[in-house]
Each structure stands twice: as structure tokens, then as C-alpha cells.
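First residue of the sequence shown: 19, per the numbering used here; consecutive thereafter. Just so it is clear, CB atoms sit at the ideal spot from N, CA and C, and this is done for glycine as well. Shown next, in C-alpha cells, is the structure this report addresses.
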Amino acid sequence: MVKTHFHPVEQETDTAQLDACRRIIGQHCFSTQEEIRNELAKQGFTDISQSTISRLLRRLGVAKAQNASGKKIYTLVEDQLEPAGCSRSVHDMVRSVDHNRQLVLIHTTPGAATVVARLLDRHANPEIMGAVAGNDVVLVAPRHISRTRQAHEAVLRTLAQAR
């Protein structure tokens with residue numbers, strides 16, 4: 019196993035890159051990593067590589083979601099899960115929650131399914147085996163199909179707590 023030790027200067031650079039990346043993604047709409055790299059270069063991070071951008075996005079929990087114009091952009095998922103001063107809550111993103119004998123289906127506003135699925139994953143419930151997100155639909159698989167109703171209730175409780 020190789021251990022990597024950061025020197026204080028490297029840690030400061032890493033923190034500065036994370037902070038700058040978080041800030042610009044929150045302020046601008048980027049659809050490619052190259053656009054993010056160019057913006058960071060303008061802010062003084064001139065030798066930042068594409069692989070570093072990838073690492074930063076992964077560490078920040080950034081996802082691609084469709085904006086109101088239908089364009090796929092990078093977005094800070096945490097900002098959407100816990101909006102600070104934002105009028106769009108998880109409650110506003112969910113249109114309906116239905117179930118049958120085998121699964122739970124959540125219809126969301128366009129581009130919001132990833133955020134809702136991640137919320138369910140973060141608030142793991144033993145009734146829920148997992149969630150798969152499309153653009154505006156989340157498919158929730160119950161741990162046991164005989165308990166689909168209980169999984170549906172668990173989804174409703176989790177979404178209500180996110181309000």
C-alpha cells in the first residue's frame with residue numbers, strides 16, 4: 019500500500035481548489051469539465067488538469083442535472099438537498115409517489131430525480147434496497163416485495179423530513 023502525505027502547501031492548494039470549484043459551480047452553469055477548468059484557470063489555477071477537475075467534482079459530490087432550459091449542467095447536489103435561501107425544496111421537486119405490489123415510483127420535476135434518489139440513499143432505510151434515477155423518475159426497489167407498502171411509507175417519511 020502506498021501512503022500519500024500532503025505537505026502543508028499542497029493541502030492549502032487542495033483546499034483552495036475545492037473552495038474555488040464549489041464557488042464557481044454554484045455561480046455559473048457549466049456543461050463540460052473543460053469549461054470548469056478554463057474558469058479555474060482565470061481565477062489563478064493555471065496548471066490544473068482535467069483529472070484534477072474530475073477529482074474535485076467527485077469530492078464535492080457534483081452531479082449533472084438538467085436545468086430549466088433543458089441543458090445538462092454540473093450542480094452541487096448538497097445545495098439542492100439543503101437549499102440555503104433557495105425557493106426550490108425537495109418537496110417542490112416531487113410531483114407524485116406511487117406504488118404497486120413490486121416497486122415504488124417517484125415522479126419529479128425534470129432533472130430532479132438524481133437529487134431525490136441521492137436523498138433516499140443518504141437516509142438509508144431497511145425497507146428500501148435501492149433507488150435508480152432517470153431524469154424525472156426514481157424507481158425505488160423495496161428490500162422484499164411483500165413489504166412494498168412499507169417501503170412506500172418509508173419513502174414518504176424521508177421526503178417529508180426533507181421539507
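The Cβ atoms of Ala131 and Ala151 sit closer than 8 Å to each other. Glu52 counts as exposed, since fewer than 16 other beta carbons sit within 10 angstroms of its beta carbon. Within the model, the alpha-carbon separation for Arg76 versus Lys60 is close to 22 Å. Around Ile71, the same chain offers Gln51, Ile54 and Arg55 as residues with beta carbons nearer than 6 Å, after the five sequence neighbours per side are excluded. Between the alpha carbons of Cys47 and Gly129 lies a distance of about 14 Å. Along the segment 35-102, the beta strand (DSSP E) occurs as fully enclosed runs of 3 or more residues at 80-84 and 90-94, listed in sequence order.
For His125, the enclosing beta strand (DSSP E) stretches over residues Val122 to Thr126. Sequence-distant partners of Leu138 (beyond 5 residues in either direction) whose C-beta falls short of 7 Å from its own C-beta, in its chain, are Ile146, Ala149, Val158, Val173 and Thr176. CA-to-CA, the gap between Met111 and Leu123 works out to about 14 Å.
Using a Cβ distance threshold of 8 Å, Leu58 and Ala38 count as a contacting pair. Take the alpha-carbon of Arg167 and the one of Ala83: they are about 30 Å apart. Here Leu157 is bridged, per DSSP, to Leu123 and Val150. Exposure of Ala178 is indicated by the presence of fewer than 16 other C-beta atoms within 10 angstroms of its C-beta. In this structure, Gln120 sits away from Ile66, with a CB-CB distance that is not shorter than 8 Å.
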